[in-house]
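Below is one structure, written out as structure tokens; comments come after it.
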Amino acid sequence: MGFAAIAAIAIGTVALAHLAPGAKPEAVSSSSGPDAACAEWTDGCIVCQRVDGQPTCSMPGIACVRGETQCLRR
């Protein structure tokens, strides 16, 4: 019974994460970076890079608290 309960909790957590209002990725316009010269940036939750001129970002962690956007590489 212990395994079934743990599996049910894990599946429920994943389902809630996908259904929660804040679970959707940000629009590209808000992930466009601090400025055009910044090649890689983060807000403490996601890391974004410009690939062929377009921003490509990681997915945020489950318990992430976003902070101020900082440029990591120019």
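Counting from 1, one number per residue, gives the positions in the sequence shown under my numbering. For every residue, glycine included, the Cβ atom is placed at its ideal position computed from N, Cα and C.
{"Check": "Gly61 vs Cys48 beta-carbon contact at 8 Å", "Outcome": "no"}
{"Check": "Extent of the continuous beta strand (DSSP E) run through Glu68", "Outcome": "No beta strand (DSSP E) contains Glu68, which DSSP labels as neither H nor E."}
{"Check": "Cβ distance (whole Å) where Thr69 is taken to contact Asp43 below 8 Å", "Outcome": "5 Å"}
{"Check": "Neighbourhood of Gln54 by C-beta distance below 7 Å, restricted to the same chain and skipping five residues each side", "Outcome": "none"}
{"Check": "Buried or exposed by the 16-neighbour rule on C-beta atoms within 10 Å, applied to Cys64", "Outcome": "exposed"}
{"Check": "Candidates Ala15, Leu72, Ala5 and Ala8, of which the one nearest Ala39 by Cα", "Outcome": "Leu72"}
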